[in-house]
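K.L.:
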Amino acid sequence: MASSNVSIVFVPGSFATPDLYSKVIDGVAAKGYDIHGLHLPSVGPATGQAREGSLPTMYDDAAFIAKEVETLADQGKAVILVGHSYAGIPITQSVQGLSVKERQKQGKPGGIVRLAYMTAVVPAIGESATDVLLKLPEDQRLALDVDESGWMTQNDPAKTARTCFNHLSLDEGVHWVKQFPKHSSASFASPLTYPGYKDVPVSYLIHEEDRCLTPDLQRAEIDMIEKESGARVDVTSIKADHCANISAPQLVVDWIVSVAEQAKA
């Protein structure tokens with residue numbers, strides 16, 4: 001499978017636009033890969049902003065991802081879905097009916113060939129992002145406020161910086177936290193209803209020094225995926241904090257390229 005047949009769809013975490021991942025996206029593109037960074041409906045349009053209208057759910061995010069995947073698949077693309085943090089849930093949900101095997105059964109080209117989780121929230125069926133995060137010790141949970149419209153903000157930027165950007169100085173971390181848009185609280189409450197990790201091979205990038213999603217939690221997710229799918233997860237481990245897209249982007253680029261190389265094989 002040639003690299004021209006592979007498309008990578010990169011899905012940012014909560015409170016994050018693709019701009020926060022520009023070094024990763026540009027780095028992968030520089031290696032000759034087609035890569036698309038998505039701006040999820042559950043993420044506000046810009047720094048400190050929320051969207052107008054009804055509160056987007058995780059299912060809205062999954063439908064948005066699925067639409068992008070379907071467009072690429074119809075072009076015959078082998079699609080790799082990469083999700084960071086919160087994005088682990090909607091990329092998993094979005095697989096329904098879009099794996100390359102399912103599309104082949106329907107006489108359609110292309111489809112999803114792999115899920116790639118970057119220190120991501122990956123729940124079992126019936127669990128939401130909130131359910132997963134409640135497994136963490138209380139002192140490690142982010143301090144979030146919810147406004148009257150249901151949009152979340154970080155009410156303690158220094159704590160978020162120490163939790164998500166602990167490989168940067170506190171000032172640098174706070175700088176990045178203050179770039180965050182608002183994020184829909186409804187998306188955190190939506191339970192997973194489709195186990196996409198049963199349909200396609202899975203890769204997982206463990207961030208060993210992540211204080212937001214601890215390594216123990218990440219490994220528990222990998223164990224769950226292997227148990228549910230009956231297949232081994234392709235695991236890579238790096239010494240990085242939660243947001244390696246900022247603190248160690250080249251490590252993330254190298255991982256995504258290695259995952260894409262497997263899709264070409």
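Here full-length UniProt numbering is used: the first residue of the sequence shown is 1, the next is one more, and so on. Just so you know, even glycine gets a beta-carbon here, dropped at the ideal spot from N, CA and C. Remember, predicted model here, so these are calculated numbers, not experimental data.
#1: May I ask you to verify whether the region 178-192 touches the region 37-44, counting CB pairs closer than 8 Å and requiring at least 3?
#2: For a minimum of 3 consecutive residues, which ranges assigned as the beta strand (DSSP E) are wholly contained in the region 163-218?
#3: Buried or exposed: where does Glu-221 fall if 16 or more other Cβ atoms within 10 Å of its Cβ makes it buried?
#4: With 16 other CB atoms within 10 Å as the buried threshold, where does Glu-47 fall?
#5: According to the neighbour-count rule (16 or more other Cβ atoms, all chains shown, within 10 Å of its Cβ), is Thr-193 buried or exposed?
#6: What residues are listed by DSSP as bridge partners for Met-152?
#7: Does the region 251-258 come close enough to the region 122-137 to have 3 or more Cβ pairs within less than 8 Å?
#8: Going by DSSP in three states, Ile-256 sits in which element: helix, strand or coil?
#9: Run the CB neighbour count on Gly-53, radius 10 Å, all protein chains shown included, and call it buried at 16 or more, exposed below.
#10: Alpha carbon to alpha carbon, how far is Asp-199 from Asp-131? Give it in angstroms, no decimals.
#11: Taking Gln-93 and Gly-196 to be in contact with their CB atoms under 8 Å, please state how far apart those CB atoms are, rounded to whole angstroms.
#12: Can you tell me whether Tyr-33 is helix, strand or coil according to DSSP?
#13: Hey, is the region 232-243 in contact with the region 201-216, meaning 3+ C-beta pairs nearer than 8 Å?
#14: Taking one C-beta from the region 17-32 and one from the region 245-252 each time, how about it: are there three or more such pairs within less than 8 Å?
#15: Take the Cβ of Gln-106 as the centre, count every other Cβ of all protein chains shown within 10 Å, and call the residue buried at 16 or more, exposed below.
#16: If we ignore side chains and look at the alpha-carbon of each, how far apart do Ala-129 and Val-69 end up?
#17: Out of Ile-80, Gln-179, Gln-140, point me to the one whose CA is closest to Val-9's CA.
#18: May I have a chain-ordered list of the beta strand (DSSP E) segments no shorter than 3 residues that lie completely inside the region 23-74?
#19: Quick check on Met-1: does DSSP put it in helix, strand or coil?
#20: Quick one, which of Ile-89, Gly-27, Ala-116 has its alpha-carbon nearest Asp-191's?
#21: Starting from Leu-115, follow the beta strand (DSSP E) in both directions and report where the run begins and ends.
#22: Who are the Cβ neighbours of Leu-98 in its own chain at under 7 Å, not counting the five residues just before and after it?
#23: Is it buried or exposed, Lys-77, if we count other Cβ atoms within 10 angstroms and call 16 or more buried?
#24: Since Ala-87 and Gly-13 should fall inside the 8 Å C-beta cutoff, what is the C-beta to C-beta distance between them, to a whole number of angstroms?
P.N.:
With the given structure in hand:
#1: Touching, yes, given that three or more Cβ pairs across the two stretches are closer than 8 Å.
#2: The region 163-218 contains these whole beta strand (DSSP E) runs: 202-207.
#3: The C-beta of Glu-221 has 16 or more other C-beta atoms within 10 Å across all chains shown, which makes the residue buried.
#4: A small fix is needed here, since residue 47 is Thr in this sequence, not Glu. Within a 10 Å sphere around the beta-carbon of Thr-47 sit fewer than 16 other beta-carbons, which makes this residue exposed.
#5: Exposed, since its Cβ has fewer than 16 Cβ neighbours within 10 Å.
#6: Per DSSP, Val-146, His-183.
#7: No contact exists between the region 251-258 and the region 122-137.
#8: The DSSP-derived three-state label of Ile-256 is helix.
#9: By the 10 Å Cβ count, Gly-53 comes out exposed.
#10: Spanning the alpha carbons of Asp-131 and Asp-199 requires a straight line of approximately 23 Å.
#11: Sure, about 7 Å apart at Cβ, within 8 Å.
#12: In the three-state reduction of the DSSP assignment, Tyr-33 falls in the coil class.
#13: Result yes; three or more Cβ-Cβ pairs closer than 8 Å.
#14: Three or more Cβ pairs drawn from the region 17-32 and the region 245-252 lie within less than 8 Å of each other, which places the two stretches in contact.
#15: Answer is exposed; the Cβ neighbour count stays below 16.
#16: Their backbone Cα atoms lie some 23 Å apart in a straight line.
#17: Residue Ile-80 is the option with its Cα nearest to Val-9.
#18: Unbroken beta strand (DSSP E) stretches of 3 residues or longer found wholly inside the region 23-74: 34-37, given in chain order.
#19: Confidence in Met-1 is poor, its pLDDT being 47 and thus under 50, which makes the residue's placement unreliable; the coordinate value appears in the next sentence. Under the three-state reduction of DSSP output, Met-1 falls in the coil class, being neither helix nor strand.
#20: Correcting the residue identity first, residue 191 is Pro in this sequence and not Asp. When each option's Cα is compared against that of Pro-191, the closest is Ile-89.
#21: Here the beta strand (DSSP E) through Leu-115 covers 111-120.
#22: Around Leu-98: Ala-66, Val-69, Glu-70, Ala-73, Gly-111, Ile-112.
#23: Lys-77 counts as buried, since at least 16 other C-beta atoms from the protein chains shown sit within 10 angstroms of its C-beta.
#24: The distance from the Cβ of Ala-87 to that of Gly-13 is about 5 Å, consistent with a contact at the 8 Å cut-off.
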